[in-house]
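Q: In my numbering, the protein residues as written are 1 to 284.
We put the CB at the ideal spot given by N, CA and C, even for glycine.
Source: prediction; values computed, not measured.
Written as structure tokens, this is what we have:
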């Protein structure tokens with residue numbers, strides 16, 4: 001009865017449910033994930049997306065409207081066409097449709113005001129959308145952004161990908177001293193074959209002296225605390241997590257938007273946050 005109801009709602013709203021091939025299946029720990037008995041890390045927050053409907057409102061809020069970077073999408077709030085949980089994954093769906101004076105819709109969900117962290121391991125297993133114009137991301141902003149503004153609040157880009165360069169995963173940080181506006185941003189990239197076709201584990205390990213960035217357990221970037229103050233290292237303050245799929249914009253739209261790709265689905269299997277166990281050494 002539940003399955004039939006979900007299918008009927010989907011047909012009425014124009015939502016295409018994800019296929020069995022798109023849904024993730026795990027027979028053991030994903031490559032690059034932390035085991036429950038890991039000696040260094042203790043699980044303190046999670047969303048396994050093991051329910052059906054809108055993202056859990058106790059954990060997630062929404063950005064709404066045309067938010068940043070001259071992006072083309074209108075971010076919607078609590079609209080199943082753009083953000084829903086089904087078959088064990090979060091689906092952020094980007095669509096070509098007229099909505100609130102825009103031509104595209106998508107979703108950006110965040111933990112602001114619900115969960116914020118200073119230091120720890122942040123692990124997200126995801127399968128990315130594909131196509132020219134897409135710009136999915138997993139990232140964090142300083143919770144004090146309303147007080148000090150960007151980039152003084154700090155930004156940690158755990159994963160960024162642009163559709164015109166589909167096999168490249170980017171890690172970046174932005175601070176008052178290092179940011180893309182000044183062309184001083186710090187970051188790195190790694191090649192991953194078809195991240196839109198399979199799930200991968202994107203993670204950071206955030207310590208007092210550095211942030212390490214990983215894909216599938218492979219470390220490919222470290223940003224170090226230079227010890228010169230908050231202009232370089234605003235990462236002594238709590239940050240919140242954001243999951244979004246942008247369309248176009250200053251980076252994602254550099255080579256235009258291919259309208260033939262829509263709808264596009266960004267699938268997130270889980271989000272897990274860990275803190276370092278007492279007396280556990282910070283592995284290097």
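Given a cut-off of 8 Å on the beta-carbon distance, is the pair residue 51 and residue 85 in contact?
A: What you label residue 51 is simply residue 51 of the chain shown in a count that begins at 1. What you label residue 85 is simply residue 85 of the chain shown in a count that begins at 1. Yes, the pair counts as a contact, with Cβ atoms nearer than the cut-off.
Q: Helix, strand or coil for residue 251? Go by DSSP, reduced to three states.
A: As a position in the chain shown, residue 251 is number 251, starting the count at 1. Here residue 251 sits in helix by DSSP.
Q: Out of 224, 214, 196, which has the shortest C-alpha to C-alpha gap to residue 189?
A: The residue given as residue 189 occupies position 189 in the chain shown. Nearest option by C-alpha distance: 214.
Q: How big is the Cα-Cα spacing for residue 178 and residue 172?
A: Within the chain shown, numbered from 1, the residue matching residue 178 stands at position 178. Within the chain shown, numbered from 1, the residue matching residue 172 stands at position 172. Answer to the nearest angstrom: the Cα atoms are 10 Å apart.
Q: How big is the Cα-Cα spacing for residue 219 and residue 212?
A: Along the chain shown, one-based indexing puts residue 219 at 219. Along the chain shown, one-based indexing puts residue 212 at 212. Their Cα atoms are separated by approximately 7 Å.
Q: Span of the alpha helix (DSSP H) holding residue 147?
A: The residue labelled residue 147 in the question sits at position 147 within the chain shown. Looking at the DSSP string, the run of the alpha helix (DSSP H) that includes residue 147 is 145-148.
Q: List the DSSP bridge partners of residue 212.
A: Within the chain shown, the letter at position 212 stands for residue 212. Looking at the DSSP output, residue 212 bridges to 205, 222.
Q: Keeping to the same chain, check which residues put their C-beta closer than 8 Å to that of residue 199; ignore five residues upstream and five downstream.
A: Here the question's residue 199 lines up with position 199 in the chain shown. By the criterion of a C-beta distance shorter than 8 Å, residue 199 is surrounded in its chain by 24, 30, 125, 126, 127, 267, 269, once the five residues flanking it on both sides are discounted.
Q: Given a cut-off of 8 Å, decide if residue 72 and residue 248 are closer than it, judged by their beta-carbon atoms.
A: Taking the first residue of the chain shown as position 1, residue 248 is located at position 248. Taking the first residue of the chain shown as position 1, residue 72 is located at position 72. Yes.
Q: Are residue 231 and residue 176 closer than 8 Å when you measure CB to CB?
A: Taking the first residue of the chain shown as position 1, residue 231 is located at position 231. Taking the first residue of the chain shown as position 1, residue 176 is located at position 176. Contact: yes.
Q: One question on the structure: do residue 287 and residue 137 come within less than 8 Å of each other, judged by their Cβ atoms?
A: Given that the chain is displayed from residue 1 to residue 284, the structure contains no residue 287 and the question cannot be resolved.
Q: Can you list, in chain order, the stretches of the beta strand (DSSP E) that have 3 or more residues and sit fully within the region 15-85?
A: 41-47, 73-75
Q: Between which two residues does the beta strand (DSSP E) holding residue 179 run?
A: The residue you call residue 179 lines up with position 179 of the chain shown. Element bounds for residue 179: n/a, residue is neither H nor E.
Q: Which residue's Cα is closest to the Cα of residue 157: 32, 76, 180?
A: In the chain shown, residue 157 corresponds to position 157, counting from 1. When each option's Cα is compared against that of residue 157, the closest is 180.
Q: Closer than 8 Å is the cut-off here; do at least three beta carbon pairs connect the region 270-278 with the region 107-120?
A: yes
Q: Taking 8 Å as the threshold (C-beta atoms), are residue 14 and residue 81 in contact?
A: Locating residue 81 in the chain shown gives position 81, where the first residue counts as 1. Locating residue 14 in the chain shown gives position 14, where the first residue counts as 1. Yes, they are a contact pair.
Q: Just how far apart, CA to CA, sit residue 163 and residue 69?
A: As a first step, residue 163 must be located in the chain shown, where it is residue number 163. As a first step, residue 69 must be located in the chain shown, where it is residue number 69. Residue 163 and residue 69: Cα-Cα distance of roughly 16 Å.
Q: For a quick check, are the C-beta atoms of residue 139 and residue 109 less than 8 Å apart?
A: Here the question's residue 139 lines up with position 139 in the chain shown. Here the question's residue 109 lines up with position 109 in the chain shown. Note that the C-beta distance between residue 139 and residue 109 is not below 8 Å.
Q: So, for residue 319: in the same chain, excluding its five sequence neighbours on each side, which residues have a beta-carbon less than 8 Å away from its beta-carbon?
A: No answer is possible for residue 319: it lies beyond the span of the chain, which begins at 1 and ends at 284.
Q: Taking the beta strand (DSSP E) that residue 119 falls in, what are its first and last residues?
A: One-based indexing of the chain shown puts residue 119 at position 119. Element bounds for residue 119: n/a, residue is neither H nor E.
Q: Helix, strand or coil: which one does DSSP assign to residue 246?
A: Here residue 246 refers to the residue found at position 246 of the chain shown. Looking at residue 246 - three-state DSSP - the assignment turns out to be strand.
Q: According to the neighbour-count rule (16 or more other Cβ atoms, all chains shown, within 10 Å of its Cβ), is residue 47 buried or exposed?
A: Within the chain shown, residue 47 is the residue found at index 47, counting from 1. By the 10 Å Cβ count, residue 47 comes out buried.
Q: Just confirm the distance between the C-beta atoms of residue 32 and residue 187, as a whole number of angstroms; I'd bet it's less than 8 Å.
A: As a working note, residue 32 is residue 32 in the chain shown. As a working note, residue 187 is residue 187 in the chain shown. In fact, because the Cβ distance is near 19 Å, the residues do not count as touching under 8 Å.
Q: Going by DSSP, what residue range makes up the beta strand (DSSP E) through residue 139?
A: The residue labelled residue 139 in the question sits at position 139 within the chain shown. 134-142 is the span of the beta strand (DSSP E), which, as asked, contains residue 139.
Q: Within its chain, find whatever has a CB closer than 6 Å to the CB of residue 145; leave out the 5 residues flanking it on each side and keep chain order.
A: In the chain shown, residue 145 corresponds to position 145, counting from 1. Apart from the 5 residues on each side of it in sequence, residue 145 sits with its Cβ closer than 6 Å to the Cβ of 153 in its chain, given in chain order.
Q: Between residue 49 and residue 102, which are expected to be in contact by the criterion C-beta below 8 Å, what is the C-beta distance as a whole number of angstroms?
A: Working through the chain shown from its first residue, we reach residue 49 at position 49. Working through the chain shown from its first residue, we reach residue 102 at position 102. Taking 8 Å as the upper bound for CB-CB distance, residue 49 and residue 102 are not in contact here, some 27 Å apart.
Q: DSSP three-state call for residue 126: helix, strand or coil?
A: Sequence index remark: in the chain shown, residue 126 carries index 126 (1-based). Three-state result, residue 126: strand.
Q: Between the C-alpha atoms of residue 105 and residue 151, what's the straight-line distance to the nearest angstrom?
A: Counting from 1 along the chain shown, the entry for residue 105 is found at position 105. Counting from 1 along the chain shown, the entry for residue 151 is found at position 151. Cα-Cα distance, rounded: 26 Å.
Q: Check for me: the beta strand (DSSP E) holding residue 168 runs from which residue to which?
A: Position 168 of the chain shown, counting from 1, holds the residue named residue 168. Element bounds for residue 168: 168-174.
Q: For residue 115, which residues from the same chain have a beta carbon less than 8 Å from its beta carbon, with the 5 sequence-adjacent residues on both sides left out?
A: For the purposes of this step, residue 115 is taken as the residue at position 115 of the chain shown. These residues qualify, in order along the chain: 45, 59, 240, 241, 273.
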